[in-house]
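The next block holds one structure in the form of structure tokens; read it before the comments.
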Amino acid sequence: MKGTNLGEFEELVLLTIAALGTEAYSVAICDELERYTGRSAKLGVVHAVLNRLEEKGLAKSHLGDASATRGGKRKRFYEVSHAGKVALTRAKELREAIWRNIPGFNLEGSI
Amino acid sequence: MKKPDPQPPKWATSFLRWYCRPRLLEDLEGDLYEYFLRNVREKGPGRARFVYMLDVIKFLRPYTIRKIELLTFITHFMMIGSYFKTSRRNLVRNKLFSFINIVGLAVSMSVGLLVIAIVNDLRSYDDFHEKKDRIYRVITRHQDDGQPPMDLASSSVRVAQRLGGDVPGIEDFTIIRNGFSGDAKVGQNTFPLEGTYADQSFFKVLTFPLIAGNPATALKEPYSLVLTEKTALKLFGNTHVLGQTVRFDTLDYQVTGVAKDVPHLSHIRFDALISFATAYATFGKKDEGFDNWDNVWSNYIYVTLPKSGNTAGIQRAFNQVSKEENKALYRKKVTLSLQPLKDIALGGKLSNNTGPRMTPLMLWILGGLAFVIILSACFNYTNLSVARSLRRSREVGVRKIIGARGSHVLGQFMAESVMIAFLALLFSFGLYLFLRREFLALDPHIPEIFTLGLSVRSVLCFVALAAFTGLAAGFLPAVFFSKINALSVMKDASGIKIFKHIGLRRVLIVAQYALSLIFIATTLVGYSQYKGFLNFDLGFNTENILNIKLRGKDAAALKKELAEIPGVKQVSQSSMVTSLGSIYGFTMKYQPGAASPGNAPMAGDSALVWMNMVDENYLPIHQHQLLAGKNFTLRPEKGKESEIIVNQQVLKRLNIAGRDPQKALGQVVEVDGQKLAIVGVLKDFHYGTMENKIEPVMFRYSKSETWGYLNLQIASKDVESTMVKIESAWKRFDPVHPLKANFYDQQIEEAYSEFSMMVKTIGFLAFLAICIASLGLFGMVVFTTETKLKEISIRKVLGASEPGLIYLLCRGFITLLAIAALIALPATYLLFDKVILARFAYHQPIGVAELLGGTLAVMLLALVMIGSQTAKAARSNPARVLKSD
Numbered sequence: 001m002k003g004t005n006l007g008e009f010e011e012l013v014l015l016t017i018a019a020l021g022t023e024a025y026s027v028a029i030c031d032e033l034e035r036y037t038g039r040s041a042k043l044g045v046v047h048a049v050l051n052r053l054e055e056k057g058l059a060k061s062h063l064g065d066a067s068a069t070r071g072g073k074r075k076r077f078y079e080v081s082h083a084g085k086v087a088l089t090r091a092k093e094l095r096e097a098i099w100r101n102i103p104g105f106n107l108e109g110s111i
Numbered sequence: 001m002k003k004p005d006p007q008p009p010k011w012a013t014s015f016l017r018w019y020c021r022p023r024l025l026e027d028l029e030g031d032l033y034e035y036f037l038r039n040v041r042e043k044g045p046g047r048a049r050f051v052y053m054l055d056v057i058k059f060l061r062p063y064t065i066r067k068i069e070l071l072t073f074i075t076h077f078m079m080i081g082s083y084f085k086t087s088r089r090n091l092v093r094n095k096l097f098s099f100i101n102i103v104g105l106a107v108s109m110s111v112g113l114l115v116i117a118i119v120n121d122l123r124s125y126d127d128f129h130e131k132k133d134r135i136y137r138v139i140t141r142h143q144d145d146g147q148p149p150m151d152l153a154s155s156s157v158r159v160a161q162r163l164g165g166d167v168p169g170i171e172d173f174t175i176i177r178n179g180f181s182g183d184a185k186v187g188q189n190t191f192p193l194e195g196t197y198a199d200q201s202f203f204k205v206l207t208f209p210l211i212a213g214n215p216a217t218a219l220k221e222p223y224s225l226v227l228t229e230k231t232a233l234k235l236f237g238n239t240h241v242l243g244q245t246v247r248f249d250t251l252d253y254q255v256t257g258v259a260k261d262v263p264h265l266s267h268i269r270f271d272a273l274i275s276f277a278t279a280y281a282t283f284g285k286k287d288e289g290f291d292n293w294d295n296v297w298s299n300y301i302y303v304t305l306p307k308s309g310n311t312a313g314i315q316r317a318f319n320q321v322s323k324e325e326n327k328a329l330y331r332k333k334v335t336l337s338l339q340p341l342k343d344i345a346l347g348g349k350l351s352n353n354t355g356p357r358m359t360p361l362m363l364w365i366l367g368g369l370a371f372v373i374i375l376s377a378c379f380n381y382t383n384l385s386v387a388r389s390l391r392r393s394r395e396v397g398v399r400k401i402i403g404a405r406g407s408h409v410l411g412q413f414m415a416e417s418v419m420i421a422f423l424a425l426l427f428s429f430g431l432y433l434f435l436r437r438e439f440l441a442l443d444p445h446i447p448e449i450f451t452l453g454l455s456v457r458s459v460l461c462f463v464a465l466a467a468f469t470g471l472a473a474g475f476l477p478a479v480f481f482s483k484i485n486a487l488s489v490m491k492d493a494s495g496i497k498i499f500k501h502i503g504l505r506r507v508l509i510v511a512q513y514a515l516s517l518i519f520i521a522t523t524l525v526g527y528s529q530y531k532g533f534l535n536f537d538l539g540f541n542t543e544n545i546l547n548i549k550l551r552g553k554d555a556a557a558l559k560k561e562l563a564e565i566p567g568v569k570q571v572s573q574s575s576m577v578t579s580l581g582s583i584y585g586f587t588m589k590y591q592p593g594a595a596s597p598g599n600a601p602m603a604g605d606s607a608l609v610w611m612n613m614v615d616e617n618y619l620p621i622h623q624h625q626l627l628a629g630k631n632f633t634l635r636p637e638k639g640k641e642s643e644i645i646v647n648q649q650v651l652k653r654l655n656i657a658g659r660d661p662q663k664a665l666g667q668v669v670e671v672d673g674q675k676l677a678i679v680g681v682l683k684d685f686h687y688g689t690m691e692n693k694i695e696p697v698m699f700r701y702s703k704s705e706t707w708g709y710l711n712l713q714i715a716s717k718d719v720e721s722t723m724v725k726i727e728s729a730w731k732r733f734d735p736v737h738p739l740k741a742n743f744y745d746q747q748i749e750e751a752y753s754e755f756s757m758m759v760k761t762i763g764f765l766a767f768l769a770i771c772i773a774s775l776g777l778f779g780m781v782v783f784t785t786e787t788k789l790k791e792i793s794i795r796k797v798l799g800a801s802e803p804g805l806i807y808l809l810c811r812g813f814i815t816l817l818a819i820a821a822l823i824a825l826p827a828t829y830l831l832f833d834k835v836i837l838a839r840f841a842y843h844q845p846i847g848v849a850e851l852l853g854g855t856l857a858v859m860l861l862a863l864v865m866i867g868s869q870t871a872k873a874a875r876s877n878p879a880r881v882l883k884s885d
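For the record, the sequence lines run as chains Z and B.
Residues in the first sequence are numbered consecutively from 1, following our numbering.
Residues in the second sequence are numbered consecutively from 1, following our numbering.
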């Protein structure tokens, strides 16, 4: 099925969710992504990806408690679903399998 | 006090709430708010708001947009019955307010209907042509070097010749030419007849069905004639006239076809068609310039494109052809382009245009005026509905408690206003029928242009107008009601803040009154200016002068006969009637010293001078004032004149004899190759209309002007019997053409008829605007005094005087009216000073009396209304009012 493929950015977002643990909500994910990649992550992009991940069943979400800091609006917390964990592991294995088959790869001279 | 924390723009949040899916909304709103706070810290509140706005718009994506909720939607339909019932009850319960609303909307919409009918007519022009989407007219741009170009609807015969071979992509084309005119002789009878030349493909390109004759060949041979049914009936008394002959002058024309009468909404109109070959045969052959490329004045060419054709290729071919042909022209350029058939009645300005034409700008102005009037009636509705909200808030409260959402209440009130608008439409249609009759009678030219008939399209537009008016009128009240808080209404109905929107209502009243005052002041000032034009001292007499148009026959005999009628004092003759707008001029050359042969001629000067050819009686009849010299004394034959009379401006322009009238006598000027001596100098007078400054004018002598006018000075008593005698004298003189005689003063009135039409139209609109504004104000006054009745009673009990109470109640309204007047009067003054009267070289000063008069009348009307209502309230018995609670 086309929808189950994990795009590069989707993979990053999913990993970030996993890394943040219980604090994974949209703004925090954006900040964390920015910290990792050094590029700015726009809320619009991340929000769309989160929505798509949830649609694909790779992530789950629930609303948290209300807090005064957000104008009384609740946060939506995300966590990686079972299917999401499988997809992440598969992606990692795929890469490693290919890495293993590259003979004598080194970064000499290229940095 | 601490400044409140910066908040994101409210509308952006509302917008987000409106479009976003409920499931995504809460956390998204929170996210955006978090970012907003962060931005406020980092970039400042202004920038943060901007980013917030952008973000809200950026989040408008397929996955965030909410789906239409079918249930809410269906509920509206289920509830329509209930809405209808409550609306009807409300209409009946508040008769005064219903009356004001319905009458106001009906009156204003009738104007809208009229404008719709006018626009519809113009848009339906030439709709009857089968190939209407593929027909184009070839139009011409004619440009002399160093002069602005002239755009013409007409083109040259040469174009038609080139179209045949050198322009690909054309299916058919036809050429027509105006200007056939003659006396048709059938048996013993003679009828004047004007016709249009048309070539043989005329019926192929344009759809004018023939009831007899072959459309392919009817206009092929020279001296062929196609009559319309009406003309055939006029000439022969029946329409079976194929093969009959009609004699014009010395030539016989054969009737080769009978066409159906031309539809009313056609820009091409004709009584008879004459084959184009006739034009060649009669004068085209002799006239060397007939098919010149730059002879672009009297032919009209129409082309049809094939079904899938486009104009780009044709335009390229046109450019090529123009380039080739322009090589032969000296210092000028003629270029061609195509104009779609449907743009002819509603397009830009072209010289030599045929048929009626209205610029889109004019339509916008008309539409704008109608819009303003309708808006005024909508203001009434809005004002009164919001003001009365107290009465209906309980109903809304109950609806909300039962489960209506804001959108349902909104829908209900919109539906109600639309219903009222439709009710008003019924009345307004009746008014429209009356208006239509008045409009068609406004000017004799209007029925020629418009039919204002009903069509499916116009009826649909009427309905759309009513729906739109209803929505516009009901929008604000509906929003207001939908926001009512159900709980607080049910607890204490008086707690609802009905005076919260008082600012809005004040603005609406001021706008209404300012508009009404502008209209009325415009009418009065316009009318006084119009009267000013009619009574303007033109510098000569126009009273009791009857101008008779001659039709090409030498009128010496008629003149003699007319002079013998006892009511006719004097008869003179002129080539034209001045001061009506038509002009005719020649170049005058003057060389100082040329009169006395001894002096060496100096360099001369020349100028364009307007001219009228008159006889020796003309100046006395019109009482032109001679500053020096005398009237024409010699009676020369045509072409042998030696005398000329000029006005002061000629002396000034050509600097003759130091501008001294006495010394100018005897100076010789050259006009049209003739040397003429100045025998008289006239005081300046108006040759053109008030739009032009007084310019140089000359009078030359002519014994007989066969296409000119006879000017009769009529004794002012018993004009009718004199007219009868003049008529019978004319019948003996020229039995073919009907007598065309008009009094000079009437002709001047006609020359300014455009102005009088404008005054009438604006006057009518002023009347409507005032009616509507007064109705609205009346409603507001009634409402305000009703709501304040208790307050008044208590004040009275505590000892307030009646005048004091009236003043208290009136004060607010009077301030509003004063503000309206302060806006309206300067606006009107500027409108006249800078726009309307700027066109006229001569006009009366703008009268303060006219400006203020209308305002005072309107104010007085308003005061009477306010006064009567407030006085009634002030006089009420406080005991009775207070007892009921």
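Glycine is no exception: its CB is placed at the ideal position from the N, C-alpha and C atoms.
These figures come from a predicted structure and were not determined experimentally.
Residue(s) in a DSSP beta bridge with residue i
i	result
Arg-76(Z)	Leu-63(Z)
Cys-30(Z)	Answer is none; Cys-30(Z) lacks a bridge partner.
Ala-607(B)	Met-588(B)
Val-246(B)	Tyr-253(B)
Close beta carbons around residue i, own chain, < 6 Å, minus the five adjacent residues each side
i	result
Leu-941(B)	Chain B is shown from 1 up to 885; residue 941(B) falls before or after that span and cannot be answered.
Ser-716(B)	Asn-544
Lys-75(Z)	Tyr-25 and Gly-64
Phe-462(B)	Leu-113
Tyr-618(B)	Ser-572 and Ser-574
Per-residue burial, residue i [other beta carbons within 10 Å of its own, 16 or more giving buried]
i	result
Lys-796(B)	buried
Met-109(B)	buried
Met-78(B)	exposed
Leu-94(Z)	exposed
Ala-198(B)	buried
Residue i at chain Z interface by Cβ criterion, 7 Å
i	result
Gly-348(B)	no
Tyr-63(B)	yes
Glu-802(B)	no
Glu-34(B)	yes
Lys-483(B)	no
Sequence-distant residues of its chain with Cβ nearer than 7 Å to residue i (five each side left out)
i	result
Leu-24(B)	Thr-64
Leu-851(B)	Ala-521, Val-525, Leu-825, Thr-828 and Tyr-829
Phe-840(B)	Met-690 and Glu-691
Neighbour flag for residue i against chain B, beta carbons, 7 Å
i	result
Gly-57(Z)	no
Ser-26(Z)	yes
Asn-101(Z)	no
Asn-51(Z)	yes
8 Å CB neighbourhood of residue i in its chain, flanking five on each side removed
i	result
Gly-348(B)	Asp-151 and Thr-359
Asp-172(B)	Ser-201, Lys-204, Val-205, Val-303 and Thr-304
Ala-628(B)	Pro-661, Gln-662, Ala-664, Leu-665, Gly-680 and Val-681
- [ ] Say whether the region 150-169 of chain B touches the region 358-375 of chain B, bearing in mind that this needs 3 or more beta-carbon pairs closer than 8 Å, one atom from each stretch.
- [x] no
- [ ] Evaluate the contact criterion for the region 8-17 of chain Z versus the region 37-56 of chain Z: three or more CB pairs, one atom per stretch, below 8 Å.
- [x] yes
Open item on the list: Does the region 177-191 of chain B come into contact with the region 326-338 of chain B, if we say contact requires no fewer than three beta-carbon pairs (one atom in each stretch) closer than 8 Å?
Closed with: Counting C-beta pairs with one atom in each stretch, the region 177-191 of chain B and the region 326-338 of chain B have fewer than three that are closer than 8 Å, which means they do not touch.
Open item on the list: Closer than 8 Å is the cut-off here; do at least three beta carbon pairs connect the region 550-561 of chain B with the region 514-523 of chain B?
Closed with: no
- [ ] May I ask you to verify whether the region 693-712 of chain B touches the region 533-553 of chain B, counting CB pairs closer than 8 Å and requiring at least 3?
- [x] yes
Open item on the list: Would the region 715-733 of chain B count as touching the region 874-882 of chain B if we require 3 or more Cβ pairs under 8 Å?
Closed with: Per the Cβ contact rule, the region 715-733 of chain B is not in contact with the region 874-882 of chain B (fewer than 3 Cβ pairs under 8 Å).
Task: Three-pair Cβ contact test at 8 Å for the region 443-460 of chain B versus the region 130-140 of chain B - done: no
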